[in-house]
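Top to bottom, those sequences are chains E and S. Numbers given in the working numbering equal positions in the first sequence, counted from 1, plus 94. Numbers given in the working numbering equal positions in the second sequence, counted from 1, plus 94. In what follows, a structure is listed as C-alpha cells, so that the remarks can point back to it.
Protein chains: 2
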Amino acid sequence: MKKNQDFIKRENQNLILDLIQEHELIARAKLAKLANMSPTTVSRITTSLIDIGLVKETNQYTTGVGRKATLLSLNPDSLISIGVELDEKKIRLGFFDFLGKAIITEEIEKEVKDSPETVITYLKQTIFQVIETHHLSRNKIIGVCVGIPGWVDNKNGVVVKSAQLGWENAAFGQKLQEVLPFQVLVDNELKLKAYAEKMFRKDKIEHTIVVIDFGSGVGSALIVGGDVYRGFLNAAGEIGHTIVNPNGMLCTCGNIGCLQTYVAEGFLIQEASKQSDASSLEDIVEAAQYGHKWAVNILERAITYAAITVNNSVCMNNPDKVILTGKLIEQTDYLKDRILKESRNRIWLPLSDSTTIEISRLGKNGVILGAGMQSQREYINQLNYEKELV
Amino acid sequence: MKKNQDFIKRENQNLILDLIQEHELIARAKLAKLANMSPTTVSRITTSLIDIGLVKETNQYTTGVGRKATLLSLNPDSLISIGVELDEKKIRLGFFDFLGKAIITEEIEKEVKDSPETVITYLKQTIFQVIETHHLSRNKIIGVCVGIPGWVDNKNGVVVKSAQLGWENAAFGQKLQEVLPFQVLVDNELKLKAYAEKMFRKDKIEHTIVVIDFGSGVGSALIVGGDVYRGFLNAAGEIGHTIVNPNGMLCTCGNIGCLQTYVAEGFLIQEASKQSDASSLEDIVEAAQYGHKWAVNILERAITYAAITVNNSVCMNNPDKVILTGKLIEQTDYLKDRILKESRNRIWLPLSDSTTIEISRLGKNGVILGAGMQSQREYINQLNYEKELV
Numbered sequence: 095m096k097k098n099q100d101f102i103k104r105e106n107q108n109l110i111l112d113l114i115q116e117h118e119l120i121a122r123a124k125l126a127k128l129a130n131m132s133p134t135t136v137s138r139i140t141t142s143l144i145d146i147g148l149v150k151e152t153n154q155y156t157t158g159v160g161r162k163a164t165l166l167s168l169n170p171d172s173l174i175s176i177g178v179e180l181d182e183k184k185i186r187l188g189f190f191d192f193l194g195k196a197i198i199t200e201e202i203e204k205e206v207k208d209s210p211e212t213v214i215t216y217l218k219q220t221i222f223q224v225i226e227t228h229h230l231s232r233n234k235i236i237g238v239c240v241g242i243p244g245w246v247d248n249k250n251g252v253v254v255k256s257a258q259l260g261w262e263n264a265a266f267g268q269k270l271q272e273v274l275p276f277q278v279l280v281d282n283e284l285k286l287k288a289y290a291e292k293m294f295r296k297d298k299i300e301h302t303i304v305v306i307d308f309g310s311g312v313g314s315a316l317i318v319g320g321d322v323y324r325g326f327l328n329a330a331g332e333i334g335h336t337i338v339n340p341n342g343m344l345c346t347c348g349n350i351g352c353l354q355t356y357v358a359e360g361f362l363i364q365e366a367s368k369q370s371d372a373s374s375l376e377d378i379v380e381a382a383q384y385g386h387k388w389a390v391n392i393l394e395r396a397i398t399y400a401a402i403t404v405n406n407s408v409c410m411n412n413p414d415k416v417i418l419t420g421k422l423i424e425q426t427d428y429l430k431d432r433i434l435k436e437s438r439n440r441i442w443l444p445l446s447d448s449t450t451i452e453i454s455r456l457g458k459n460g461v462i463l464g465a466g467m468q469s470q471r472e473y474i475n476q477l478n479y480e481k482e483l484v
Numbered sequence: 095m096k097k098n099q100d101f102i103k104r105e106n107q108n109l110i111l112d113l114i115q116e117h118e119l120i121a122r123a124k125l126a127k128l129a130n131m132s133p134t135t136v137s138r139i140t141t142s143l144i145d146i147g148l149v150k151e152t153n154q155y156t157t158g159v160g161r162k163a164t165l166l167s168l169n170p171d172s173l174i175s176i177g178v179e180l181d182e183k184k185i186r187l188g189f190f191d192f193l194g195k196a197i198i199t200e201e202i203e204k205e206v207k208d209s210p211e212t213v214i215t216y217l218k219q220t221i222f223q224v225i226e227t228h229h230l231s232r233n234k235i236i237g238v239c240v241g242i243p244g245w246v247d248n249k250n251g252v253v254v255k256s257a258q259l260g261w262e263n264a265a266f267g268q269k270l271q272e273v274l275p276f277q278v279l280v281d282n283e284l285k286l287k288a289y290a291e292k293m294f295r296k297d298k299i300e301h302t303i304v305v306i307d308f309g310s311g312v313g314s315a316l317i318v319g320g321d322v323y324r325g326f327l328n329a330a331g332e333i334g335h336t337i338v339n340p341n342g343m344l345c346t347c348g349n350i351g352c353l354q355t356y357v358a359e360g361f362l363i364q365e366a367s368k369q370s371d372a373s374s375l376e377d378i379v380e381a382a383q384y385g386h387k388w389a390v391n392i393l394e395r396a397i398t399y400a401a402i403t404v405n406n407s408v409c410m411n412n413p414d415k416v417i418l419t420g421k422l423i424e425q426t427d428y429l430k431d432r433i434l435k436e437s438r439n440r441i442w443l444p445l446s447d448s449t450t451i452e453i454s455r456l457g458k459n460g461v462i463l464g465a466g467m468q469s470q471r472e473y474i475n476q477l478n479y480e481k482e483l484v
C-alpha cells in the first residue's frame, strides 16, 4: 500500500477522533499535546469535524491554569450505523450511535440453509421497519456492515465460503447494496469482533491482540497497529484448519487431523453420537456433570486442544493480549476456567510472562458492535472535506 | 504507532528509492507518475537524494517523445553496510553496496559456545581487517546488522534467548556498539532473510510472504505491507514451538509435542541415535538412500510435518507466497521435492490455488544480505535532510 498524503490526513483525523473518544471531554490544547500536532493543525481538523457534526463544543471549560478553553466531545447523535451478525439460525442487528451505544438491537429467526436472497429480504424488511417504528432519521444512517461466519472477500463483498450458512461464492454484499440506500460492507465476523475488542478497551494502550473463538468452528483474529490483519485474501486466522495430527480424524475440509476436529462443537457432538444421543454442547456438558466417562473424555480432550490453540497462536503471532470467546468459553465456568488454566500451562515458556489471557467481555453484542464501528470508520475514511494538507 | 508527518516523509522517500532501484534507470517524470506524486515533490525528494549522494544523474536520456530528460539511478558507491550471520560454528560477514551487491564476504570459524564477548572481539578484528585489506573508505560504512538464530529484542539489541549460541539475555548489540564507530543493529536471522527475499524479488508486486526455515530449528517470518511482522516482543513466527501432539516427544522448551520435535535436525539425529551412530542430517539421508528403514521412517515423518508446517502457516497468515529455506530443503533434491509435493497436498483446499510455494534462491548469503539491507534502510530512515513537508 502506498502511504500517500490522503492516508496521513485520514490517520491524523482518526487520531483526533480516537483521542476525543478516549477522553470524552478534551480541550484543543490537550489534543495538540497528545497528538503531537501543531495547534493550527488540530484547530483545522477539529473545525472540519465540528462543521460536519461529528464533534461538538460543549458548555464545559477546562479548569486548569491559563486561558479558559471550551471542551470538545464526540457528538453521539451525528450518525447511526447498523451492525449485523448472521448465524445459522438467527440474524442479529444493532443500530449504533457515534459512541458505539446500541440504540436498538433486534434478533430475527432464520432457517439454517436460507439463501443469500432470503437473508437480504429479511434484512431489508427489518432495517426499514426499525427505522419507521423508532422514528430514526434515514439521513443519519451512514452504513451497514454484516459479519459472517466463514471466509469473506471484504473488498468485493463476496462470501467465498461459509460452512455454517452453506454459502459459496455468494455476491451477498453487492446484492444487499442494491436494496439499501447506504454503504454496505461485509466481513468475517471474528475480525469484526476483534475490532470491537480493540475499540472498547478501558486501557487505551495499543496492544497486539489475538481473539480466539471456540464455537461451531475455531478461528483467530489478529489486531496489529490498531487494524485487523487480513492476509492476502482476508482469510488469515483459519487456525481451525491447522493440522495437529496427520493420523487424526477427517475434517469437513477434506484434510486429516485439523485442530477443529478436536474442539469445534459439531465434531464434539459427532464423537458423542457414538455413545449417546447428545445433540449439543450443553448435552455433553450435562453428561459430563453426571460423570459419564465418554463426555468427560470428549471435554478433556477439547480443553487440551483449546489450550494448544492458544499456545500455537501465541507462538505464531506473539500478541501481548489473548482474548477468548465463543460457546466453549461461555457455556460453563468449569470449561472456561479449565481452558484458561491449561492455556497458561501450555504457553511456550519464554512468552508466558508477556502474554495475558482474558475472556471477552463484549457478550453477544461483540460482532454487531464491531460491525457498526467498522461501518463508521469506513464512512469517516471516505469523507473528503479536508482539501488542504493538514 | 502514530503515523505522523515524519513517517509520511520517510515513506515517500523510500518509495522513490524503491522505484529507482526497481527500474535501474528512470526519469523524474516517470517517477512522478508511478509514485502518484506531483513533479515538484519528486523533484524536491530526488534533489535531496542527489545532494547526499544516494542517487545520481546519468549520461543517459529518455528516448521517448517530448523533452529530453536525464535518467536517474542509485549510486552504488554511496555507502557500504555490513551484514553478519552468527551460527553455531561460524560467523559470516558481507560488505554490501547500495544496490545490495556483495563487495566482500568473509567466513570465520568459532566455537559453538563462544561468549558474546568473544564474538564481539572476532567481529571487531575482522571488520577492521577487511576495511584495511580492501582499502574501504571508513566514512562510507554506515552500519552493521547482525542476524542471530533465536529470539532477539531488536529494539534494545538484546539476545533474549538463542539455543544455538547458548546465549540468554545477552546485551550483545549494546556491547558491539561500544567497539564500532557506526550504527549496530541486531535481529532474528530469519526475519532478516525474509526481508532480503522481499527486497530482491524480480517481480516488484507487493506480496504477503511467509518464509519458513527448516534447519536446526523450525521458524517462520511474515512480510506484510513491505515490512517484517514482529509481534509484541519481536518473537512472532515461533512455529517450531506450536504444539501438534499433546502425547508427543519432549521438546527442549519443556513442552510436549512441539512441531520442531518432528522436523528440526537435532531431533532427527536424536531419533536416529536409537538405531545408528548418525550424527548429522547428511548421515540420515545417506542411510535412507541405502534403504535403512529407520532412516526412511524418520525422513518420511519429517516430510509430513514439514508439509503440515506449510499448511499451518498458510492457514494462520494467508500469504500469497511461501518461500522455503534451510538445511532440510537444501540438503537433497529428494527431500526438497517431497516436501514441496506434500505441502501442496496438505494446504487447506480453499487457499491452495492462491498460494504459491517457492524455494529460496538467495542461498547462503540470504541472512547477511537481509542484514546489510536492513542496516541501509534504517540509516536512510534516520536521515533528516528534508526539513520541509514534501
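The C-beta atom is built at its ideal place from N, Cα and C for all residues, glycine as well. Quantities reported herein were computed from a predicted structural model and do not represent experimental measurements.
Inter-residue Cα distance where the pair is residue i and residue j
i, j, result
"V338 of chain S", "Y399 of chain S", "9 Å"
"Q107 of chain S", "Q277 of chain S", "21 Å"
"L362 of chain S", "H386 of chain S", "15 Å"
"D321 of chain E", "E116 of chain E", "17 Å"
"L259 of chain E", "V178 of chain E", "14 Å"
"I306 of chain E", "I303 of chain S", "23 Å"
"R295 of chain E", "S374 of chain S", "51 Å"
"H335 of chain S", "N341 of chain S", "15 Å"
"R232 of chain S", "Q223 of chain S", "12 Å"
"D191 of chain E", "I197 of chain E", "7 Å"
"V273 of chain E", "Y473 of chain S", "53 Å"
"R432 of chain S", "I110 of chain E", "54 Å"
"M95 of chain S", "I221 of chain E", "Residue placement at M95 of chain S cannot be trusted, given a pLDDT of 35 that sits under 50; what the coordinates show is reported in the next sentence. Whole-angstrom Cα-Cα distance: 38 Å."
"K127 of chain S", "D112 of chain S", "14 Å"
"V246 of chain S", "S314 of chain S", "14 Å"
Within-8 Å CB hit, residue i to chain S
i, result
"N250 of chain E", "no"
"S123 of chain E", "Inspection of the sequence shows that residue 123 of chain E is occupied by Ala rather than by Ser. Answer no: the Cβ-Cβ gap between A123 of chain E and chain S never drops below 8 Å."
"D486 of chain E", "What is shown of chain E runs 95 to 484, which leaves residue 486 of chain E out entirely."
"W536 of chain E", "One cannot answer for residue 536 of chain E here, as it falls past the ends of chain E, which runs 95 to 484."
"V338 of chain E", "yes"
"I333 of chain E", "yes"
"W245 of chain E", "yes"
"K481 of chain E", "Because the pLDDT of K481 of chain E is 39, which lies under 50, any placement of that residue in the model is unreliable, and the question is left without a value."
"K127 of chain E", "no"
"S448 of chain E", "yes"
"P444 of chain E", "yes"
"K292 of chain E", "no"
"G311 of chain E", "no"
Given residue i as reference, the closest of the options once Cα atoms are compared
i, options, result
"D208 of chain E", "E:S407, E:N130, E:A264, E:R295", "E:A264"
"A288 of chain S", "S:W442, S:L422, S:I417, S:I451", "S:I417"
"D281 of chain E", "E:L165, E:V238, E:P275, E:L274", "E:V238"
"K415 of chain S", "S:E452, S:I441, S:P444, S:L111", "S:E452"
"N153 of chain E", "E:T141, E:L166, E:G147", "E:L166"
Residue-chain proximity (residue i, chain E), Cβ-Cβ < 8 Å
i, result
"K96 of chain S", "Here K96 of chain S scores only 43 on pLDDT, less than 50, and its place in the model should not be relied on; the value that follows carries that caveat. Chain E contact via Cβ: present."
"M410 of chain S", "yes"
"N405 of chain S", "yes"
"C239 of chain S", "no"
"Q107 of chain S", "no"
Span of the alpha helix (DSSP H) around residue i
i, result
"A264 of chain E", "Here A264 of chain E belongs to no alpha helix (DSSP H); instead the beta strand (DSSP E) covers 261-264."
"D145 of chain S", "133-145"
"F222 of chain S", "210-227"
"Q470 of chain E", "460-476"
Segment limits, beta strand (DSSP E) that includes residue i
i, result
"L164 of chain S", "Residue 164 of chain S is actually Thr in this sequence, not Leu. Unbroken beta strand (DSSP E) run through T164 of chain S: 164-168."
"A196 of chain E", "196-203"
Short CB-CB distance (under 8 Å) between residue i and chain C
i, result
"G325 of chain S", "The structure shown has no chain C; the protein chains it does contain are E and S."
**Report entry** Segments of 4+ residues assigned as alpha helix (DSSP H) that fall wholly inside the stretch 402-442 of chain S
**Finding:** 421-424, 427-440
**Report entry** Contiguous alpha helix (DSSP H) assignments of at least 4 residues, all confined to the stretch 332-390 of chain E
**Finding:** Qualifying alpha helix (DSSP H) stretches, in chain order: 359-366, 375-383.
**Report entry** In chain order, each beta strand (DSSP E) run of at least 3 residues that lies wholly inside the stretch 262-301 of chain S
**Finding:** 277-282
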